[in-house]
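For the sequence shown, the residue numbers in full-length UniProt numbering are 1 to 348.
In this text, a Cβ means the ideal position worked out from N, Cα and C, and glycines have one as well.
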Amino acid sequence: MLLYAANIYFWRHYKINYAFIFGFKQGTELSYREVFLLSNGLAMLVLAALLMHLHMNSRAEVYGTRIEYLPLGLIMALLVITFCPFNIIYRSSRLFLIRCVFRCICAPLYKVTLPDFFLADQMTSQVEAIRSLEYYICYYTWIKSSHGHNMCESHNIYNIFYFILAIIPYWFRFFQCVRRLCEEKDQAQALNGLRYFLTILALVIKTAYGLRKGSTLEVLVILSSLITTFFNTYWDIVVDWGLLRRKSKNKFLRDKLILHHKSVYFIAMVLDVLLRFAWLQLVLKFNVHSLQGSTVSSIFACLEVIRRGMWNFFRLENEHLNNVGKYRAFKSVPLPFAYHEDDEHKEE
């Protein structure tokens, strides 16, 4: 959410009409200040729970097992805020988000709009967060009822859903590509769908390798991850961002650019490649003694969120300039501010 607030700020600064492109109802779209306020409010809620946990943990003999319900309370608070029916906390934006999530879940049944595709792509960068929800359910049901601590990963049902939850966001995008292929007869959607299907295969192999180490799985992880990483990186830079055009008047970029400093585009391309190859840490087994447990995977999950935030800006810039996704019947986009010729003549 912090990155989305930053994106909104730069979109507005460079006159990219994100509200029109996303199809927000005029006058109801959130500004970067409002998104920043909401995200920081949620961060303060988490910080308060953390401080409360530290206080209660120092007096564990008094509070007992009640300490363990603080994370559950945070999830419940987030759900209450999201589905609150009253006209508070940006109700129209929450309803818009819920509708988009519903359309993503029912991907093949609805015509794909840009907000649907955009949200589904955000979900593909939140695999670790989605898996954490599974652990919440496991912890507060199986573990609490059996007074165990390591029962989740040893349970077959947990491992099965560990696979399924990881690929769900990619299935959303795959079905969206299939829907657009059937409706628009655009062969590019077939390639895009193939990209997500290969990513699903690579993710399944990588998940299996994480659960059960083995030399055969290690080779398969390297091969599948290399193929999907090169494919996805190419698609990010060449298709989604529209860069690396050999015949462009801006060498190795594209004809139309919004940013004045061309070096920013090259830096973004390098960062995208580096962050796309973050999966190597699973195979090369970086041995960092100060980082234990799921810390390493959490760090790389955060790096993926950062990469997605960077991707968002350049993807919408390309959509604004070139209608690359073909979601609109026309390429022109109105400027995000009013302009009246009569007022200009009066000033003269």
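Item	Value
Inter-stretch contact at 8 Å, needing at least 3 Cβ pairs: the segment 64-71 / the segment 29-43	no
Closest residue to T28 among I88, L79, T113, A129 (Cα-Cα distance)	I88
Closest Cα partner of M310 within the set M44, H260, W241, I16	W241
Nearest-angstrom Cα separation, counted from F230 out to Q187	20 Å
Alpha helix (DSSP H) segment containing H13, residue limits	2-13
Nearest residue (CA-CA) to F161, options V127, R180, Q189	V127
Where the alpha helix (DSSP H) through K206 begins and ends	187-211
Classification of F83 by the beta-carbon crowding that lies within 10 angstroms, buried from 16 upward	exposed
T229, DSSP secondary structure in three states	helix
Residues of its chain near N159, where Cβ-Cβ distance is below 8 Å and the 5 sequence neighbours each way are ignored	E153, L211
Three-state secondary structure assigned by DSSP to Q122	helix
Three-way DSSP call (helix, strand, coil) for V324 in this model	coil
Per-residue burial, Q26 [other beta carbons within 10 Å of its own, 16 or more giving buried]	exposed
Exposed unless 16 or more other CB atoms sit within 10 angstroms - verdict on K206	buried
Any chain B beta carbon closer than 8 Å to V239	Chain labels in this structure do not include chain B; a single protein chain is all it has.
Top-ranked residue by Cα proximity to Y110, from C177, K256, M269, N323	C177
Own chain partners of A166 with C-beta closer than 7 Å, once the 5 adjacent residues on each side are dropped	V127, R131, L203, T207
Cβ separation of A49 and L78, assumed to be a contact under 8 Å, to the nearest whole Å	Their Cβ separation, rounded to whole angstroms, is 11 Å, which puts A49 and L78 out of contact at 8 Å.
Residue range of the alpha helix (DSSP H) that includes R99	91-105
Spatially closest choice to F10 from V112, S31, S297, Y140, by CA coordinates	S31
R276, DSSP secondary structure in three states	helix
Pick from L275, L191, K249, F24 that is closest to R94, judged by C-alpha positions	F24
Inter-residue Cα distance where the pair is H13 and V264	16 Å
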